[in-house]
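Going down the list, the protein sequences come from chains A and B.
Just so you know, we're using the working numbering here: the first sequence kicks off at 4 and counts up by one.
Just so you know, we're using the working numbering here: the second sequence kicks off at 218 and counts up by one.
Note that beta-carbon positions come from the ideal geometry of N, C-alpha and C, so glycine has one too.
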Amino acid sequence: MSQHYPALIIVVPLLAALAAAAAGWINKRYCFPIAVASLAASFVSSVFLLGRVIRVKEVIYEMAGWTAPIGIVYRVDALNGLVIVVVTAVALVNLIYSKSAIEEDFPDKMGTYYALYILFATGLAGMVVTGDAFNLYVLMEIASLTGYSLMGLRRDRATVSALNYLIVGTIGATFYLLGVGYIYIATGTLNMAEIASFMSQMSDSGSIRMAFVICLAGLFIKMAFFPLHGWLPNAYTYTPTASIGLIAPLTTKVTVYIMIRMALSVFTPEFSFKTIELSGAIVWLAIIGIVAGSCMALAQKNFKKMFTYIIVAEVGYMVGGFWLGNRAGISGSVLHIANDALMTLALFMAAGIFARKIKGEEISDMQGLFRKMPWTMAAFVLGGLSIIGVPPTCGFFSKWYLISGGIEAGNYYFVGALLFSSLINAVLFFRIFEVAYFEPFSESHGHDHSHGHEAVAVEEAPLGMLIPFYVVAISLVILGIFSGDLITKIIYFAIPAGIV
Amino acid sequence: MEPLFSIGPILAVLTPVAAVPVLISSKNENVREGWTFLAAGALFLMVVSMLPSILEGARLEFVIATLTPSLAIKLTVDALGMLFALVASFLWIVTSAYSIGYMRTLKEHSQTRYYSFFALSLFATIGVAFSGNFFTMYLFYELLSLATYPLVTHHQDKEARSSGRKYLFYILGSSIAFLIPAMLITYAYTGTLDFGSQGFMAGHGIPPKLLLLLLGMFIFGFAKCGIMPFHSWLPAAMVAPTPVSALLHAVAVVKVGVFCVIRVITGVFGTDFLSSLQYNSYLAYLAAFTILAASLIALSQDNLKRRLAFSTIGQLSYIILGAALLTRYSLTASMLHIAMHAFGKITLFFCAGAIFAASGIKNISRMVGIGKRMPWTMGAFLVGSLSVIGLPPAGGLISKWFLVLGTLESDQIFFLFVLLASSLLNAAYFLPIVYRAFFCSEEESQFENKVDEVPAWCLGPIMVTATASLILFFYPQPFLRLARQAVQTILGG
């Protein structure tokens, strides 16, 4: 059993997706338990798998017993061992949180929706554990096709932006495929470890360089790295509640993981950081991306849209941190994959709850929310503080490593960009907190401090949403306090020993 | 001496937080306030229980989490931290009593939130006092900024909103912009953030110019210390209810600021290293400027709380000046002044609040003759003023006396004149208030000649802190002993 964890992570939900679709025809009530059970199984497997990876450093699983060059290999080490836990955890928690939202938004299509949801999670999980460059492309396509449906299943406006998402996503994936094609022509293999073993002799080859650049371009499109971010805010703003909690936290983060995987394990650090002299330029783009993303977030009145620009800036954190090329920067980048997934999830969970309780999606619609829903707001404040980077929330600790990386690399522009972004984030969130705290709920006018603040009945989100939200919000603090363990026990081993 | 493992520090730090769930869930206000008292009393007892071992020269340590082998979230109790924690935890008890009187008299809204965040603020304050390294100190410092925001903006009106913005802009903005990079650059060079008795900056080859920059970033990053030009959040924060101003903006928050500055000077840079660089003189001149400028501005303020706020800014710079002079007496004075000023200034704030609660008056020009109506309150105000000016028989004299000795010891007569000038100014902005309150003709008096004091819940705490200010003049222990001991570990001997 235990040696099959890598397969279980994928196979259980894959089968469950079919079951959920079928259950949608028979009795809709079965869909939710099936989905939860399968994703829970996936999550538990990935936790055990991570435990094993911590002990033995690397777990290799050959699908159906076919060995490497011919068969598909799942290879899990400290890097993706951590990411897979994050992916399955986010998918599971968001599913539980979304139960009522799914019932409301998709009463007729519940079977389909659950099947798509599980398939999307499976696609992402597969992208994380696979050790095969082409298999990764296939799973990427699964994820983007299901993701497209998850986005566009409900509203007219969402359909258009989802189509946009599909087109851009396909372009990105095609670039990636093209790059893999170049690699295959040059090396004759699609297995990542095997490609890496050829790299030392082939680093001068033009097609390898071409492959690297094209792959990277494709991934940058998919992760909405500045200046290729244009599609993301529109696509995410109109996505239904249940889908956004899955797509927004995970898609960009998994793509960042793939970038790291390709750079470290396929093209090798020697090639990525030294032979190809791109890291300086990429860090500069990241710096601009961080600043621009933060500024654009500041210009938004719609809070969901504001969150999406925060994502753009956060992608800049991770990409920039990684391409600093030192241990602190890469550690910060990997840590931020985990932290930012949860932070983003917290933000969109809050947005989902607000969307049910208040009429608009503008910041100015959030008046009096601290009185109306104090518990939701308390957890939302935690999420905001984590984005700002206030200790002891996890956002502070990834920033700590990223800034250390910037200082070590002597790149004070990157350090400045991160600090700037923290300051802007503080403005962004305290602007929301101010509206929610100082302005009285709804239409009541002419308040003075002894009367105006009473009489608003507390009207909280249902517990089915609130409890998962709190799980995420509290985990932001727990992850922060134990980030030292994450770094020394896991992430340290995810980075090749040659990088200091 | 190696630190001893103890769970005392963590228990003390967690006590205020432990009370928060009860505060939130209690339906009855008497139960809620009862719990506040219980938590404050428990905290004080826990702090006191660690006092004997600290006085014996031990350091108590508890590691909360290890981030990297050289970096941990760690609590350490030493003499300086103990001094501060004693002051803060004792005054929390007194302020809780005062809060009951004040908040109920004025029928303030959202009292549950108020008491909860008050407890959280104390949690962060004690955390700063007991921080074992710079990282932990930063962590609690930041928590304090956030926990006090809802208190400062308690009234939730326009004025509170803009003051809250100013508060955050200065406090959170400066810490993100200055403290985080300074801390990380320091860590990148030194590989440690643990306070040493002579700091940890020396001997790592940090260029002198960068050292000066780092010192500046640390000092201005801790904007809670109120040094100019990063002081204007403090007068703005006076929109808070008076108990908040009293405990947080005369004791906890601002003292956390100067406490952190003392830590930077002694525990991060180290007195020997700093005096070899001579950067301390920049800091001393800046503090001297702040002392004089704040006192002059205080003279012109008619709103009593604002006058007190500017007085606080000046007094905080006494502490910074004492630390920056780097001599035995001046350091002792600096640490001692944390305690002495706290008792004096909290009395003054309590009085200001009592006057407001009883009569609704905020401005000094309308307080003529108030001594006849509130003799006890104004008597306490006199004691508080004496303490802040540095006149006998109040505790403030002792720390000022040491500070004067410190200026002589360092041969910097200029600062002696600054201190004298400031004392005169202090007298000039406090004593007329008291004088006019008691001595005025019948026509001038704005009050009927009838004693009408605030409720006992307000007056009792005022009497306690005023008496304490007097007692500290005759018996400045254990604060003096703790300060001396802290200086001894730094300078030896």
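Three CB pairs or more closer than 8 Å across the region 291-309 of chain A and the region 480-487 of chain A: no
Minimum Cβ-Cβ distance from residue 235(B) to chain A less than 9 Å: To locate residue 235(B), count along the second sequence from 1; it is residue 18. No, residue 235(B) does not count as interfacial toward chain A.
Residue 97(A) vs residue 348(A) beta-carbon contact at 9 Å: As a working note, residue 97(A) is residue 94 in the first sequence. As a working note, residue 348(A) is residue 345 in the first sequence. Yes, they are a contact pair.
Meets three-Cβ-pair contact criterion under 8 Å: the region 49-57 of chain A and the region 182-189 of chain A: no
Buried versus exposed, by CB contacts within 10 Å (16 or more), residue 424(B): As a position in the second sequence, residue 424(B) is number 207, starting the count at 1. Classification for residue 424(B): exposed.
Endpoints, the alpha helix (DSSP H) within which residue 385(B) is located: What you label residue 385(B) is simply residue 168 of the second sequence in a count that begins at 1. DSSP places residue 385(B) inside the alpha helix (DSSP H), whose first and last residues are 375-391.
Extent of the continuous beta strand (DSSP E) run through residue 80(A): Indexing the first sequence from 1 puts residue 80(A) at position 77. Start and end: 76-80.
Option nearest residue 682(B) by Cα separation, candidates 338(B), 613(B) and 533(B): Taking the second sequence and counting its residues from 1, one reaches residue 682(B) at position 465. When only C-alpha atoms are compared, the closest one is 613(B).
Bridge-paired residues (DSSP) for residue 289(B): As a first step, residue 289(B) must be located in the second sequence, where it is residue number 72. Paired residues: 283(B).
Same chain, Cβ closer than 6 Å to residue 412(A), neighbours up to 5 away in sequence not counted: In the first sequence, residue 412(A) corresponds to position 409, counting from 1. Within the same chain, residue 412(A) has close Cβ partners 327 and 329.
Neighbourhood of residue 225(B) by C-beta, 6 Å cutoff - its chain only, sequence neighbours within 5 removed: If you number the second sequence from 1, residue 225(B) lands on position 8. Same-chain partners within the cutoff: 267 and 277.
Where residue 398(B) falls, given that 16 or more other Cβ within 10 Å makes a residue buried: For this step, residue 398(B) is matched to residue 181 along the second sequence. When all chains shown are included, residue 398(B) counts as buried.
Residue of 437(A), 399(A), 192(A) and 246(A) minimising C-alpha distance to residue 505(A): The requested residue 505(A) is not part of the displayed model; chain A covers only 4 to 503.
Where residue 156(A) falls: helix, strand or coil (DSSP): Sequence index remark: in the first sequence, residue 156(A) carries index 153 (1-based). Taken through DSSP and simplified to helix, strand or coil, residue 156(A) comes out as coil.
Delimiting residues of the beta strand (DSSP E) encompassing residue 64(A): Residue 64(A) sits at position 61 when you count from the first residue of the first sequence. It spans 61-65 - the beta strand (DSSP E) in which residue 64(A) sits, taken as one unbroken run.
Which of helix, strand or coil DSSP assigns to residue 359(B): Along the second sequence, read from residue 1 onward, the residue named residue 359(B) stands at position 142. In this structure, residue 359(B) counts as helix in the three-state DSSP scheme.
Span separating the alpha-carbon of residue 235(B) from that of residue 162(A): Position 18 of the second sequence, counted from the first residue, corresponds to residue 235(B). Position 159 of the first sequence, counted from the first residue, corresponds to residue 162(A). Looking at the two C-alpha atoms, the distance is approximately 49 Å.
Distance CB(residue 245(A))-CB(residue 104(A)) smaller than 9 Å: On the first sequence, residue 245(A) is found 242 positions in, with the first residue counted as 1. On the first sequence, residue 104(A) is found 101 positions in, with the first residue counted as 1. Using a Cβ distance threshold of 9 Å, residue 245(A) and residue 104(A) count as a contacting pair.
Residues near residue 157(A) in its chain [Cβ-Cβ closer than 8 Å; skip 5 each side]: Taking the first residue of the first sequence as position 1, residue 157(A) is located at position 154. Close CB contacts of residue 157(A) within its chain, under the 8 Å cut and outside five residues either way in sequence, are with 108, 109 and 243 (chain order).
Cβ pair count under 8 Å reaching 3, the region 367-377 of chain B against the region 399-407 of chain B: no
Residue from 38(A), 239(A), 230(A) and 314(A) whose Cα sits closest to the Cα of residue 154(A): One-based indexing of the first sequence puts residue 154(A) at position 151. Distances from the CA of residue 154(A) to each of 38(A), 239(A), 230(A) and 314(A) were compared; the closest alpha carbon is that of 239(A).
Sub-9 Å separation of residue 111(A) and residue 195(A) beta-carbons: Translated into the one-based positions of the first sequence, residue 111(A) becomes position 108. Translated into the one-based positions of the first sequence, residue 195(A) becomes position 192. Inclusion of residue 111(A) and residue 195(A) in the CB contact set at 9 Å is not warranted, their separation being larger than that value.
Residue 204(A) classed as buried or exposed, judged by whether at least 16 other C-beta atoms fall within 10 angstroms: For the purposes of this step, residue 204(A) is taken as the residue at position 201 of the first sequence. Answer is exposed; the Cβ neighbour count stays below 16.
Selected residue, minimal CA-CA separation from residue 563(B), among 344(B), 676(B) and 227(B): Residue 563(B) sits at position 346 when you count from the first residue of the second sequence. Residue 563(B) has its Cα closest to that of 676(B), out of 344(B), 676(B) and 227(B).
Burial state of residue 234(A) (16 or more Cβ within 10 Å): In the first sequence, residue 234(A) corresponds to position 231, counting from 1. With 16 or more neighbouring CB atoms inside 10 Å of its own CB, residue 234(A) falls in the buried class.
Cutoff 9 Å: residue 563(B) Cβ touching any chain A Cβ: Within the second sequence, the letter at position 346 stands for residue 563(B). False, the Cβ-Cβ gap to chain A never drops below 9 Å.
Runs of beta strand (DSSP E) wholly within the region 76-135 of chain A (minimum 3 residues, chain order): Correct list: 76-80.
8 Å contact criterion, which residue 615(B) and residue 557(B) should meet: CB distance rounded: The count along the second sequence starts at 1 and reaches residue 615(B) at position 398. The count along the second sequence starts at 1 and reaches residue 557(B) at position 340. Indeed, because the Cβ distance is near 6 Å, the residues count as touching under 8 Å.
Beta-carbon spacing of residue 692(B), residue 620(B) below 9 Å: Indexing the second sequence from 1 puts residue 692(B) at position 475. Indexing the second sequence from 1 puts residue 620(B) at position 403. It is not a contact, given that the beta carbons lie outside the stated cut-off.
Cβ-based contacts, 8 Å cut-off: residues of the region 403-419 of chain B near chain A: 404 and 405
With 16 other Cβ atoms within 10 Å as the buried cut-off, status of residue 59(A): Stepping through the first sequence from its first residue, residue 59(A) is reached at position 56. Under this definition residue 59(A) is an exposed residue.
Cβ-based neighbour list, residue 506(A), same chain, cut-off 8 Å, excluding 5 preceding and 5 following: Summary: the structure shown does not reach residue 506(A), with chain A confined to residues 4 through 503, and so no result is reported for it.
Residue from 598(B), 299(B) and 617(B) with nearest C-alpha to residue 607(B): For the purposes of this step, residue 607(B) is taken as the residue at position 390 of the second sequence. Measuring C-alpha to C-alpha distances from residue 607(B) to each of 598(B), 299(B) and 617(B) identifies 617(B) as the nearest.
Span separating the alpha-carbon of residue 655(B) from that of residue 601(B): Mapped onto the second sequence, residue 655(B) falls at position 438. Mapped onto the second sequence, residue 601(B) falls at position 384. Rounded to whole angstroms, residue 655(B) to residue 601(B) spans 16 Å at the Cα level.
Per-residue contacts from residue 437(A) into chain B (C-beta, under 7 Å): Stepping through the first sequence from its first residue, residue 437(A) is reached at position 434. 378, listed in chain order.
Touching by the beta-carbon criterion (3+ pairs, under 8 Å), the region 116-133 of chain A and the region 142-150 of chain A: yes
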